[in-house]
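Below is one structure; the comments refer to it alone.
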Amino acid sequence: MPVNSFSRNEQYYFYGLVGIGSLLLALGLFAVHAMEEHGHIITGMNNQIVWGIPHVFAIFMIVSASGVLNVASIGSVFGKPMYKARAPLASLLSIALLAGGLTVLMLDLGRPDRIIVAATNFNFTSVFAWNVVLYSGMFAAVAIYIWTMMEQRMNPWSKPVGLFVFAWRFILTTGTGLIFAFLTARQAYGSALLAPMFIVISFTWGLAVFHVVQSAIYAWNGKTHTPEIVRRMKNLLGIFILGSLYLVATYHLTNLYFAHQSGFERFILKEGGIYPQLLWWGYGLFGNLIPLLLIFYPGMGKSRCALLASLLVILGGFALLYVFIIGGQAYPLNIFPGYEVSSSFGDGQIGLYSPSLPEFMLGMGGLAVAFLVILVGIRALNFVPHDKPHVAGASD
Amino acid sequence: MSDTDVRRRQFLKTSVGAAAVAIAPGMLLFDMAHGKTEAVSSKVRWGMLIDTANCADGCNDCVQACNKENGLSGGLSPTDSQWIRKVELNDMRSGRTLALPMMCQHCAEPPCVDVCPTAASFKRADGIVLVDKHLCIGCRYCMMACPYKARSFVHEPLHDQKPDVPRGKGTVESCTMCVHRVDKGQQPACAEACPNKSILFGNLNDPDSEISRKIRTVASTQIRADLGLNTGIRYQGI
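In order, the protein sequence lines correspond to chains A and B. If you number the first sequence the way the working numbering does, the last residue is 398 and the count never jumps. If you number the second sequence the way the working numbering does, the last residue is 241 and the count never jumps.
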């Protein structure tokens, strides 16, 4: 499409996108209404797979919301000018993703109408309750951070506030990892490794999401990435991919070493049907190997390769979470070690789960919330990265 | 006294009388609804000892009694509530088979209570673990945390509930140890229904109770004792 015709009609395209986002959101809300009306019976979830596709969407967005701030932290905390120019956009993405993820999480509750109870009745031993504080605190901290960056008089505060946000999101992602790490009786979870694993994974997904959004903004405005920026960001993405791959591999390898975990690993890595397929092909090949080739293979690593790598990382992320959350529940609890068990309640059986349309609609509705916040945010305020020339010697 | 004063007195008298008549039945019902006034005490810890050797293969009387008592549908689909279920066990090394009823183990250190964000899952002073249906937001984290798969989520609208056993669509539920019966001095429905008297219900804290005496003399186990949850349900013969 010629650039001229695009810029002439730009606002129609913008409202078109708002329309698509709103439609997806409306479909999501319709699904919520149907789930309220009929109960969770219309979802694929049951008494064994209690968390399903909505949680895959929600946790992807919440983990990415924390990781995307890495871009801001490298700018504010470590003083890299290239990243500092991107800190406001990263902060907007963080708020948008957090809003999307929490929307899904809250609307999937059995009683979403009672959400206020989570604030009025607080159980201090519950990591879920801690996360209520961590998530709402994150909104406030990032909003203040954006203010310190955008309001010139507040600029001196952006570094300390940036540092605070940096620390806060570390604790936040630790909290997300701990939701699973504290489930001692489940074979798939109950490992302290999950907290650091979630942190490193958040870096990868966050940067991938950032890169996709940034590429879209550049394309929309007819700008092109400078090769230096592409080179740096894709190399960083490559390192994060390797880091998260290392932790995911360590988690499975340690499990393989424990005799009592070998049944679970055999299920997840080999015999579990959809789960090993998604893990090896979805996460391993498409989420790691191909992106790494696109980034590091000689002759690759140009702007398009980096964009494709980022999209594949996001896809791989969904695959990994599906295996982790749903595969982890599908493997039966080992209530009677050493016994073969059977019952009318699925004891000793692999849990069956087929995601239903309302669940996908709810998940997509959450993505639509994030999409709309980003779209309107960029339109209304100055979030587009501005790279200043001659910044090589600048210290912050 | 003027006419106005008399009328005013008359009016006040009638009003007070009418108010008393209006409030009295409510007060009476309020009092009745409260039931027993004394709180449950931690001097009592309710528990069960289940003798698996006497638990007959194929017998489902405890499950049926539970369903009837608590108004459960008795459906067996993965979305139906099952507060108690019969589990068939087969020892992989020796080939020995046995069956036992499995339900909420009423842990002294219940993981469901630890993880519940709103404190809807709670443990009574007498050790019975319950869900407050007014506080449960239906997040299902307790179902993830329970090592015994003891909890069910209400997936569908409910009809014909039992007045003594409140349930709610979109909330989590599990065996209440028939708390409404226990508070009236009765036994849980499953214990009463067992034809072989395999389920012995009683106070674990009373050294003279039948259950305590039996636990002192026979070998009993807690399921997944390695987790250190100190369950209120004990099993004999596993």
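Built from N, CA and C at the ideal position, the CB exists for glycine as well.
Checklist entry - Taking V65 of chain A as the reference, which of A:I201, A:R113, A:L29 and A:V163 has the closest Cα? => result As a first step, residue 65 of chain A must be located in the first sequence, where it is residue number 63. Considering only alpha carbons, the answer is A:I201.
Next on the checklist: Please return the same chain residues whose Cβ sits closer than 7 angstroms to the Cβ of P293 of chain A, not counting the five positions on each side in sequence.
Outcome noted: In the first sequence, residue 293 of chain A corresponds to position 291, counting from 1. Excluding sequence neighbours, P293 of chain A sits near I243, A311, L314 and V315.
Item to check | Within 7 angstroms of chain B by C-beta, residues of the region 42 to 54 of chain A in sequence order | outcome: For the region 42 to 54 of chain A, residues whose beta-carbon sits nearer than 7 angstroms to a beta-carbon of chain B comprise H42, I43, N48, N49, Q50, V52 and W53.
Next on the checklist: Measuring straight from C-alpha to C-alpha, what distance separates N237 of chain A and N123 of chain A?
Outcome noted: The residue you call residue 237 of chain A lines up with position 235 of the first sequence. The residue you call residue 123 of chain A lines up with position 121 of the first sequence. C-alpha separation (whole angstroms): 46 angstroms.
Next on the checklist: Which same chain residues end up closer than 8 angstroms to N223 of chain A when comparing Cβ atoms and leaving out the 5 residues on each side of it in sequence?
Outcome noted: The residue given as residue 223 of chain A occupies position 221 in the first sequence. Result list for N223 of chain A: V386, in chain order.
Item to check | Any alpha helix (DSSP H) of 4 or more consecutive residues that is wholly inside the region 160 to 246 of chain A | outcome: 160 to 183 and 196 to 222
Item to check | Meets three-Cβ-pair contact criterion under 8 angstroms: the region 64 to 81 of chain B and the region 193 to 206 of chain B | outcome: yes
Checklist entry - Apart from the five residues on each side of it in sequence, which residues of its chain come closer than 7 angstroms, Cβ to Cβ, to L323 of chain A? => result Here residue 323 of chain A refers to the residue found at position 321 when the first sequence is read from its first residue. So the list reads V58, I61 and F62, once near-sequence residues are dropped.
Checklist entry - Which residues, in chain order, does the region 180 to 213 of chain A contribute to contact with chain B at a C-beta distance below 9 angstroms? => result Residues passing the 9 angstroms Cβ filter: I181, F182, F184, L185, T186, A187, R188 and Y191.
Checklist entry - Which residue or residues does DSSP assign as beta-bridge partners of F204 of chain B? => result One-based indexing of the second sequence puts residue 204 of chain B at position 201. Answer is B:M51.
Checklist entry - Can you find a CB in chain C that lies within less than 7 angstroms of the CB of E342 of chain A? => result The structure shown contains no chain C; the protein chains it does contain are A and B.
Checklist entry - What number of angstroms, rounded off, separates the C-alpha of V175 of chain B from the C-alpha of K225 of chain A? => result Position 172 of the second sequence, counting from 1, holds the residue named residue 175 of chain B. Position 223 of the first sequence, counting from 1, holds the residue named residue 225 of chain A. Going from the Cα of V175 of chain B to the Cα of K225 of chain A covers about 53 angstroms.
Item to check | Where the beta strand (DSSP E) containing N93 of chain B begins and where it ends | outcome: For the purposes of this step, residue 93 of chain B is taken as the residue at position 90 of the second sequence. From DSSP, the beta strand (DSSP E) with N93 of chain B extends over I87 to D94.
Item to check | Rounded C-alpha distance that separates V371 of chain A from I226 of chain B | outcome: Taking the first sequence and counting its residues from 1, the one referred to as residue 371 of chain A is at position 369. Taking the second sequence and counting its residues from 1, the one referred to as residue 226 of chain B is at position 223. Here the alpha carbons of I226 of chain B and V371 of chain A stand approximately 45 angstroms from one another.
Next on the checklist: Assuming the contact rule is C-beta atoms closer than 8 angstroms, G50 of chain B and G235 of chain B should be a hit. Round their C-beta distance to whole Å, please.
Outcome noted: Locating residue 50 of chain B in the second sequence gives position 47, counting from the first residue. Locating residue 235 of chain B in the second sequence gives position 232, counting from the first residue. Confirmed, Cβ separation roughly 4 angstroms.
Item to check | Where E267 of chain A falls, given that 16 or more other Cβ within 10 Å makes a residue buried | outcome: Locating residue 267 of chain A in the first sequence gives position 265, where the first residue counts as 1. Looking at its Cβ environment, which holds 16 or more other Cβ atoms inside 10 Å, E267 of chain A is buried.
Checklist entry - Listing by chain order, which chain B residues have their CB less than 9 angstroms from the CB of V34 of chain A? => result By 1-based counting over the first sequence, the position of residue 34 of chain A is 32. Neighbours of V34 of chain A on chain B: none; closest Cβ ~12 angstroms, over 9 angstroms.
Checklist entry - Can you give the Cα-Cα distance for A92 of chain A and G23 of chain A, rounded to whole angstroms? => result Here residue 92 of chain A refers to the residue found at position 90 of the first sequence. Here residue 23 of chain A refers to the residue found at position 21 of the first sequence. Those two C-alpha atoms are separated by around 20 angstroms.
Next on the checklist: Bridge partners for E176 of chain B per DSSP, in chain order?
Outcome noted: In the second sequence, residue 176 of chain B corresponds to position 173, counting from 1. B:S155.
Checklist entry - Three-state secondary structure (DSSP) at A59 of chain B? => result Along the second sequence, one-based indexing puts residue 59 of chain B at 56. A59 of chain B: coil per DSSP, three-state reduction.
Item to check | Buried/exposed call for I118 of chain A, threshold 16 Cβ in 10 Å | outcome: By one-based count along the first sequence, residue 118 of chain A stands at place 116. By the beta-carbon neighbour count (other beta carbons within 10 angstroms, threshold 16), I118 of chain A is exposed.
Checklist entry - Just the Cα atoms here: how many angstroms apart are G177 of chain A and R171 of chain A? => result On the first sequence, position 175 is the one that residue 177 of chain A refers to. On the first sequence, position 169 is the one that residue 171 of chain A refers to. Using only the alpha carbons, I get a separation of about 9 angstroms.
Item to check | E39 of chain A, DSSP secondary structure in three states | outcome: Translated into positions along the first sequence, residue 39 of chain A becomes position 37. E39 of chain A falls in the helix class under three-state DSSP.
Checklist entry - Taking only beta-carbon atoms, is F347 of chain A less than 7 angstroms away from chain B? => result On the first sequence, residue 347 of chain A is found 345 positions in, with the first residue counted as 1. Yes, because at least one Cβ of chain B sits closer than 7 angstroms to the Cβ of F347 of chain A.
Checklist entry - Counting along the chain, where does the beta strand (DSSP E) carrying L133 of chain B start and finish? => result Counting from 1 along the second sequence, the entry for residue 133 of chain B is found at position 130. Taken as a continuous stretch (DSSP letters only), the beta strand (DSSP E) holding L133 of chain B covers V132 to V134.
Next on the checklist: Just to make sure I have the definition right: I need the residues of chain B whose C-beta is within less than 8 angstroms of the C-beta of L136 of chain A. Which are they?
Outcome noted: Position 134 of the first sequence, counted from the start, is the residue given in the question as residue 136 of chain A. Within 8 angstroms Cβ-Cβ: nothing; L136 of chain A doesn't reach chain B, min ~12 angstroms.
Item to check | Cut-off 7 angstroms between Cβ atoms - residues of its own chain near L258 of chain A, not counting five sequence neighbours on either side | outcome: Sequence index remark: in the first sequence, residue 258 of chain A carries index 256 (1-based). For L258 of chain A, where only same-chain residues beyond five positions count, the Cβ hits under 7 angstroms are S264 and E267.
Checklist entry - Within 10 angstroms of its Cβ, does A354 of chain A collect 16 or more other Cβ (buried), or is it exposed? => result Counting from one through the first sequence, the residue named residue 354 of chain A turns up at place 352. The question names Ala, but residue 354 of chain A in the sequence shown is Leu. Result: exposed.
Item to check | Cutoff 7 angstroms: V375 of chain A Cβ touching any chain B Cβ | outcome: Locating residue 375 of chain A in the first sequence gives position 373, counting from the first residue. Answer no: the Cβ-Cβ gap between V375 of chain A and chain B never drops below 7 angstroms.
Next on the checklist: Taking a contact to mean a Cβ-Cβ separation below 7 angstroms, would you say M106 of chain B touches L185 of chain A in this structure?
Outcome noted: Translated into positions along the second sequence, residue 106 of chain B becomes position 103. Translated into positions along the first sequence, residue 185 of chain A becomes position 183. Between M106 of chain B and L185 of chain A, the gap from beta carbon to beta carbon reaches 7 angstroms or more.
Next on the checklist: Restricting to Cα atoms, I'd like to know which of B:P114, B:G130, B:Y151 and B:G173 is closest to C181 of chain B.
Outcome noted: In the second sequence, the residue the question calls residue 181 of chain B occupies position 178. Just measuring C-alpha positions, the residue of B:P114, B:G130, B:Y151 and B:G173 sitting nearest C181 of chain B is B:G130.
Next on the checklist: Is it buried or exposed, W207 of chain A, if we count other Cβ atoms within 10 angstroms and call 16 or more buried?
Outcome noted: The residue given as residue 207 of chain A occupies position 205 in the first sequence. Looking at its Cβ environment, which holds 16 or more other Cβ atoms inside 10 Å, W207 of chain A is buried.
Checklist entry - Quick one: Cα of K165 of chain B to Cα of V157 of chain B, how far? => result As a first step, residue 165 of chain B is located in the second sequence; it is residue number 162 there, counting from the start. As a first step, residue 157 of chain B is located in the second sequence; it is residue number 154 there, counting from the start. One C-alpha to the other measures close to 15 angstroms.
Checklist entry - In three-state terms, what does DSSP make of V393 of chain A? => result What you label residue 393 of chain A is simply residue 391 of the first sequence in a count that begins at 1. Any reading at V393 of chain A must be qualified, since the residue scores a pLDDT of 48, below 50, and its modelled position is unreliable; the value itself is stated next. Coil, per DSSP.
Checklist entry - Are there 16 or more other CB atoms within 10 angstroms of the CB of M199 of chain A, so buried, or fewer, so exposed? => result Here residue 199 of chain A refers to the residue found at position 197 when the first sequence is read from its first residue. The C-beta of M199 of chain A has 16 or more other C-beta atoms within 10 Å across all chains shown, which makes the residue buried.
Next on the checklist: With a threshold of 7 angstroms between beta-carbons, can G224 of chain A be considered close to chain B, or not?
Outcome noted: On the first sequence, residue 224 of chain A is found 222 positions in, with the first residue counted as 1. Judged by the 7 angstroms Cβ criterion, G224 of chain A is not in contact with chain B.
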